[in-house]
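Engineer: Shown below is the structure under consideration.
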Ligand SMILES: Nc1ncnc2c1ncn2[C@@H]1O[C@H](COP(=O)(O)OP(=O)(O)OP(=O)(O)O)[C@@H](O)[C@H]1O
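Numbering (UniProt numbering), first residue to last: 1 to 299.
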């Protein structure tokens, strides 16, 4: 078994690894023990043909910095995983990518985040089409309180993507087929989305996201509320979807990052420490902080 295959082993073996990890001495790194120089990003943060190009992104909640000078590209047709200890800024970064931080009053974002030649932080940008272009799937499945059909049809209808009912039906069927849900729900399209299982609800939310033709799908711990079988289905789905969309996933599970992503970005206390191919990050991390985290010495 290769090193990365060991990391990506199925979740029934993960519990045993957790036990092993507890044997390591825990290292508590305070801001004082890690100099700013040691927290410059190492690795290739940029790609030749980025879908999203982030430069010097800083985020503050009130006066408190949550992210510092993050420069990172999101490539086309890639799955990039954001990993790091709790509170390091992974979700904050994800929310920057479709201006979800706008919904937090005390939050201020600086720097540039370019997609299709436009800075998404430009005040003239309409966030409704932006959030269709850069869709988001949350930790807990959150279907609309509507039927299965309406959960999918709602977005294309408000974005004017279907000229009539026939086209709308086609989008609904295609989106459900692409997420592998069609066979499971084709006889219950009129039932509430909330009547589906948790894993089906999460795939419904992904189907709802792809129904409006996104370029990027943001996933904030999309499997944390799901069992291992539902998790496997979502991971297989991500693998299929990345041929058309860029996927950015925040995950607490290093095994999941190793299984699904092409590149991995490691955050620590608001800094982007290291970016690289997932294989390199998990087998030959360059930065000591990355190594300490992936070997379970802290976090
Ligand atoms: N709405 C908010 N108001 C104030 N501070 C916030 C808010 N959201 C996040 N923060 C702070 O910003 C920092 C980064 O939080 P964030 O949720 O992005 O981290 P994370 O890496 O995603 O954590 P976790 O893995 O626990 O979800 C933390 O110090 C957190 O307390």
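C-beta: ideal position from N, C-alpha, C; glycine also.
Can you tell me the Cα-Cα spacing of residue 81 and residue 252, whole angstroms?
Structural biologist: Their Cα atoms are separated by approximately 10 Å.
Engineer: Could you tell me whether the Cβ atoms of residue 203 and residue 151 are closer together than 8 Å?
Structural biologist: Their beta carbons are not under 8 Å apart, which means residue 203 does not touch residue 151 by this criterion.
Engineer: Can you tell me which residues form a DSSP beta bridge with residue 114?
Structural biologist: In DSSP, residue 114 forms a bridge with 53 and 119.
Engineer: Report the start-end ranges of each alpha helix (DSSP H) in the segment 181-218 that is 4 residues or longer and not cut off at the edges.
Structural biologist: Counting whole runs of 4 or more residues, the segment 181-218 contains the alpha helix (DSSP H) stretches 182-185 and 198-210.
Engineer: Output yes or no for whether 8 Å exceeds the beta carbon distance between residue 139 and residue 220.
Structural biologist: Cβ distance < 8 Å, so residue 139 and residue 220 count as in contact.
Engineer: Would the segment 41-53 count as touching the segment 274-281 if we require 3 or more Cβ pairs under 8 Å?
Structural biologist: Output reads yes: the segment 274-281 touches the segment 41-53.
Engineer: Quick one: residues in its chain with C-beta nearer than 8 Å to the C-beta of residue 102, no 5 flanking neighbours on either side, listed in chain order?
Structural biologist: Excluding positions up to five away in sequence, the list reads 127.
Engineer: Please confirm if residue 256 has its CB atom under 8 Å from at least one CB of chain D.
Structural biologist: The displayed structure is made up of one protein chain only, and chain D is not part of it.
Engineer: Return yes when the C-beta of residue 104 is under 7 Å from any heavy atom of ligand 1, and no when it is not.
Structural biologist: It does: the Cβ of residue 104 is within 7 Å (strictly closer) of some heavy atom of ligand 1.
Engineer: Pull up the CB-CB distance for residue 84 and residue 66, whole angstroms please, since I reckon it's below 8 Å.
Structural biologist: Their Cβ separation, rounded to whole angstroms, is 12 Å, which puts residue 84 and residue 66 out of contact at 8 Å.
Engineer: Is the distance from the Cβ of residue 225 to the Cβ of residue 193 below 8 Å?
Structural biologist: Cβ distance not < 8 Å, so residue 225 and residue 193 don't count as in contact.
Engineer: What do you get for residue 129, buried or exposed, if any count of 16 or more other CB atoms within 10 angstroms of its CB means buried?
Structural biologist: Residue 129 comes out exposed.
Engineer: Please identify the residue among 55, 268, 70 and 186 whose C-alpha is closest to the C-alpha of residue 114.
Structural biologist: Of 55, 268, 70 and 186, the residue nearest in Cα terms is 55.
Engineer: Less than 8 Å separating the beta-carbons of residue 266 and residue 232?
Structural biologist: No; because the gap between Cβ atoms is not below 8 Å, this pair is not in contact.
Engineer: For a test of your reading of the model: does the CB of residue 92 fall under 7 Å from any non-hydrogen atom of ligand 1? Yes or no.
Structural biologist: Within the cutoff, so yes.
Engineer: Helix, strand or coil: how does DSSP classify residue 293 here?
Structural biologist: In the structure shown, residue 293 sits in a helix (DSSP, three-state: H, G or I).
Engineer: With three or more beta-carbon pairs closer than 8 Å as the criterion, would you say the segment 156-170 touches the segment 245-261?
Structural biologist: They do not touch, by the three-pair rule.
Engineer: Give the straight-line distance between the Cα atoms of residue 258 and residue 218, rounded to the nearest whole angstrom.
Structural biologist: Whole-angstrom Cα-Cα distance: 17 Å.
Engineer: Suppose you measure from the CA of residue 72 to the CA of residue 288; what does that come to, to the nearest Å?
Structural biologist: Spanning the two alpha carbons is a distance of roughly 20 Å.
Engineer: Determine the closest residue to residue 205 out of 186, 255 and 148, with distance taken between C-alpha atoms.
Structural biologist: Residue 205 has its Cα closest to that of 148, out of 186, 255 and 148.
Engineer: Is any heavy atom of ligand 1 found at a distance shorter than 7 Å from the C-beta of residue 88?
Structural biologist: Yes, the beta carbon of residue 88 sits closer than 7 Å to at least one heavy atom of ligand 1.
Engineer: Return the chain-ordered list of same chain residues with a C-beta closer than 8 Å to the C-beta of residue 171, the five sequence neighbours on each side being excluded.
Structural biologist: Cβ within range, chain order: 152, 153, 156, 161, 162 and 211.
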